[in-house]
Structures are given as C-alpha cells and as structure tokens.
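S.K.:
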Amino acid sequence: MNNNEKRGVDPVTGKQPGRLALLGLTVGMLLIVAGTLSPLMGGHVTLYRWIYGCGALLLLVIRIFTPYTGKALRLKRLYRIESWAALFFCVATFFMFYQPSIMRDWLVFTLAGGAIQIYTSIMIPLVVKKESAKN
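Using the working numbering, read the sequence shown as starting at 157 and increasing by one per residue.
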C-alpha cells in the first residue's frame, strides 16, 4: 500500500479540489456568463467588463492552484486544456478593455473558451471511467 492509497487519493483522478475551489469555479463561470449576456441584453456598458474580468481571473487562479495530481497522462492533458480555456477568457477580458466598442474579438475568445470548456467537461468523465475500468 503506497502513501496515496493511505490518504484515500485515487491514482486515476488524483487529489480532488476542495469545496472552496469548486465554489470558486462555479462563481467564476457564472460571472463570465453574466458578463457575456449583459451587453447582449442591453445592460450597463462599463460594468459588464468588470464582471466578466473578475470571473475570468477567478477561473484562471483556481485552475492554476488546483492542478491535476493523478497518474493518467490523458487526464493530465485534458486538465491542462481546461486551463487554456481560462486563459482564453482572460484574453477576451483584455479585448473588452482594449476595444470596448468592438464586440467581435472578445466574443470569439469567449466562444473558443466555452467550446474548450464543453469538450473537457464531456471528455474528463469519460476518460476517468475508462481509466478506472482499466485499473
């Protein structure tokens, strides 16, 4: 019995993020959604940038400080790709402040980050199930 098994850490999924990290991820994604929908629905122009930016920064910080600690290489890559989605949201925030009158650039990065987020949210449970069946 190795040290990870003594602490209850699954070798496939690794150490799971805490409740505070999961709450932060949820709040960050909700802030990004609120910041994205606000200008599309005719909301306050300057406030939506700050809401979106807070959500993107929160998401990036949590993704950086809760890395994948398991042994599966494919899962490690998927979690790293998920971190890139947070970077795309931060780049979208930059374009919100750099060119506030042009919505095209930040919407493209938001859609790219959202597509990556959807892909990883589908693939991670499938790969965990497959790797757990192997072990």
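Ideal placement from N, C-alpha and C gives every residue a C-beta, glycine not left out.
1. So V247 and F265 are in contact, right, with Cβ under 8 Å, and what is the actual spacing, rounded?
2. Check whether the Cβ atoms of M205 and G191 sit closer than 9 Å, and answer yes or no.
3. Would DSSP call G174 helix, strand or coil?
4. Let me know if F221 comes out buried or exposed under the rule of 16 or more other beta-carbons within 10 Å of its beta-carbon.
5. Count the other C-beta atoms from every protein chain shown that fall within 10 angstroms of the C-beta of A242, then say buried if there are 16 or more, exposed otherwise.
6. DSSP on S257, reduced to helix/strand/coil?
7. State the DSSP-derived secondary structure class of Y204, mapped to helix, strand or coil.
8. Which class does N160 belong to by DSSP, given the choice of helix, strand or coil?
9. Throw me the rounded Cβ distance for the Y208 and M252 pair, which I believe falls under 8 Å.
10. Would you kindly work out how many angstroms separate the C-alpha atoms of L179 and L186, rounded to a whole number?
M.R.: By the coordinates alone:
1. Within the sequence shown, residue 247 is the residue found at index 91, counting from 1. Within the sequence shown, residue 265 is the residue found at index 109, counting from 1. Yes, they are in contact, since the Cβ atoms of V247 and F265 sit about 5 Å apart, within 8 Å.
2. Within the sequence shown, residue 205 is the residue found at index 49, counting from 1. Within the sequence shown, residue 191 is the residue found at index 35, counting from 1. The question names Met, but residue 205 is Arg in the sequence shown. Yes; because the gap between Cβ atoms is below 9 Å, this pair is in contact.
3. As a first step, residue 174 is located in the sequence shown; it is residue number 18 there, counting from the start. In the structure shown, G174 sits in coil (DSSP, three-state: anything other than H, G, I, E or B).
4. The residue given as residue 221 occupies position 65 in the sequence shown. Exposed.
5. What you label residue 242 is simply residue 86 of the sequence shown in a count that begins at 1. With 16 or more other Cβ atoms within 10 Å, it is buried.
6. The residue you call residue 257 lines up with position 101 of the sequence shown. Of the three classes helix, strand and coil, the one that applies to S257 here is coil, per DSSP.
7. Counted from its first residue, the sequence shown places residue 204 at position 48. The answer is helix: DSSP assigns Y204 an H, G or I state.
8. The residue given as residue 160 occupies position 4 in the sequence shown. Any reading at N160 must be qualified, since the residue scores a pLDDT of 47, below 50, and its modelled position is unreliable; no value is offered.
9. On the sequence shown, residue 208 is found 52 positions in, with the first residue counted as 1. On the sequence shown, residue 252 is found 96 positions in, with the first residue counted as 1. Confirmed, about 6 Å.
10. Along the sequence shown, read from residue 1 onward, the residue named residue 179 stands at position 23. Along the sequence shown, read from residue 1 onward, the residue named residue 186 stands at position 30. Spanning the two alpha carbons is a distance of roughly 11 Å.
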